[in-house]
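Asks:
Residue numbers (UniProt numbering): 1 to 95.
Now the structure itself:
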């Protein structure tokens with residue numbers, strides 16, 4: 001005895017096709033949302049890193065300027081001392 005399955009009517013086929021298509025579209029949209037959320041999270045992390053690097057650069061720049069100022073101040077004092085000692089006929093050899 002053979003089992004005979006009658007063909008589905010066109011409307012039923014259309015409903016099945018629409019259901020599958022909608023389900024697939026929903027899955028694709030969910031995947032796109034997940035991908036966008038992951039990308040947004042990565043971008044936010046990069047923004048935080050960039051901000052930290054900018055602050056570190058600014059701090060380093062300020063420290064470098066302070067060191068440069070201190071060097072110039074000390075160099076000026078050495079020059080003044082050198083001039084004073086030369087006036088006394090004592091010579092300073094810089095290394």
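Even for Gly, the Cβ is constructed at its ideal location relative to N, Cα and C.
All figures in this text were calculated on a predicted structure; none of them were measured in a lab.
According to DSSP, is residue 67 part of a helix, a strand, or is it coil?
Replies: Reduced to three states, the DSSP call for residue 67 is helix.
Asks: Three-state secondary structure (DSSP) at residue 4?
Replies: In this structure, residue 4 counts as coil in the three-state DSSP scheme.
Asks: In whole angstroms, give me the CA-to-CA distance for residue 35 and residue 46.
Replies: The alpha-carbon atoms of residue 35 and residue 46 are separated by roughly 16 Å.
Asks: Apart from the five residues on each side of it in sequence, which residues of its chain come closer than 6 Å, Cβ to Cβ, to residue 28?
Replies: Around residue 28: no qualifying Cβ.
Asks: Determine the DSSP secondary structure at residue 88, reduced to helix, strand or coil.
Replies: Coil, per DSSP.
Asks: Distance check for residue 48 and residue 37, CA to CA, integer angstroms please.
Replies: Each residue's Cα considered, the two are about 17 Å apart.
Asks: Taking just the CA atoms, how far does residue 83 sit from residue 61?
Replies: For residue 61 and residue 83, the distance between alpha carbons rounds to 33 Å.
Asks: I need the DSSP call for residue 10, collapsed to helix, strand or coil.
Replies: Looking at residue 10 - three-state DSSP - the assignment turns out to be helix.
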